[in-house]
Ligand code: PAF
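In my numbering, the protein residues as written are 402 to 685.
So this is what it looks like as structure tokens:
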């Protein structure tokens with residue numbers, strides 16, 4: 402496995418891989434790898450001749466009051482995990498390599514970036530879109546792998562890929578959960594022993610929504626109200642949002658009579674967690 406820090410060196414290696422006609426799968430990460438990331442890498446390994454991953458804690462997607470400094474960086478273990486999964490290349494740039502002095506060009510996927518998580522994290526998706534665009538330009542993969550847990554991110558990247566004609570196929574893979582349903586996230590390490598069980602309330606609220614829909618409930622507002630009531634019972638839970646939106650524009654839906662995304666962000670203590678569920682509406 403090659404570990405490359407320099408974008409120019411990366412360019413030379415990728416050129417060589419392409420010259421040999423190999424397909425390239427790419428898994429962008431911010432490190433602190435868990436089973437969710439590994440599921441992306443495993444799929445990339447299955448579907449491509451060459452697998453590239455990146456580890457870069459992207460400052461552009463963190464707000465000034467967010468956890469950039471304390472974001473976990475267990476690099477040695479991350480590289481070990483990549484090696485185990487037979488990743489061919491890990492791109493490990495530093496901030497200077499990605500955002501050299503004078504950097505002023507950003508990618509903003511309008512409308513989609515100002516909703517849901519974008520409301521409480523202004524600038525977050527601009528940072529995500531910018532770094533993903535840069536990484537796509539540097540690596541030029543055939544396939545890009547993202548997790549469904551970050552549903553809004555995946556929808557925004559999909560839109561950027563389409564709007565800016567990136568020649569890549571986006572593969573969005575299912576959320577990996579631990580016991581109790583908590584979606585795996587690098588931020589779960591912030592939860593203490595009493596917060597961990599409370600954090601399963603996100604999945605419980607989604608499961609409640611699922612069962613209400615299965616029982617015939619189609620009124621989005623009522624479903625959201627029941628979800629909020631359930632979450633409010635947890636001592637340290639503070640709701641950022643609970644929403645039911647369409648999958649293309651992320652606009653709120655009133656009635657569950659189309660494919661939609663049920664999504665939520667909840668703070669457990671100081672840790673902000675997100676989760677979601679896609680509802681596919683069967684057309685008769
Ligand atoms: O999902 C993440 O870990 C990040 O947002 C990504 C896609 C690696 C961009 O920094």
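Glycine residues also receive a C-beta, built at the ideal position from the N, C-alpha and C atoms. Source: prediction; values computed, not measured.
Check: Through-space distance from residue 459 to residue 490, alpha-carbon basis; Outcome: 19 angstroms
Check: Test item: CB-CB of residue 610 and residue 517 under 8 angstroms; Outcome: no
Check: Cutoff 7 angstroms; reference residue 670; Cβ partners in own chain excluding five residues on either side; Outcome: 596, 637
Check: Where residue 506 sits in the DSSP three-state scheme; Outcome: coil
Check: Contact test: residue 430 Cβ vs the ligand PAF heavy atom, cutoff 7 angstroms; Outcome: yes
Check: Closer than 7 angstroms: residue 551 CB and nearest the ligand PAF heavy atom; Outcome: yes
Check: Residue 471 to residue 463 span [Cα, whole Å]; Outcome: 12 angstroms
Check: The ligand PAF heavy atom lying under 7 angstroms from the CB of residue 602; Outcome: no
Check: Residue from 556, 663, 587 whose Cα sits closest to the Cα of residue 510; Outcome: 556
Check: Residue 579: CB within 7 angstroms of a non-hydrogen atom of the ligand PAF; Outcome: no
Check: Nearest-angstrom Cα separation, counted from residue 404 out to residue 497; Outcome: 17 angstroms
Check: Whole-angstrom C-beta distance between residue 513 and residue 560, which should lie under 8 angstroms; Outcome: 6 angstroms
Check: Check: residue 559 C-beta below 7 angstroms from any heavy atom of the ligand SAM; Outcome: With respect to the ligand SAM, the structure offers nothing, as its ligand set consists of the ligand PAF.
Check: Residue 466 classed as buried or exposed, judged by whether at least 16 other C-beta atoms fall within 10 angstroms; Outcome: exposed
Check: For residue 666, the nearest candidate out of 655, 607, 683, 649 (CA to CA); Outcome: 607
Check: Cα-Cα separation between residue 503 and residue 532, rounded to whole angstroms; Outcome: 16 angstroms
Check: Cα-Cα separation, residue 525 to residue 515; Outcome: 9 angstroms
Check: Residue from 640, 651, 408, 634 whose Cα sits closest to the Cα of residue 495; Outcome: 408
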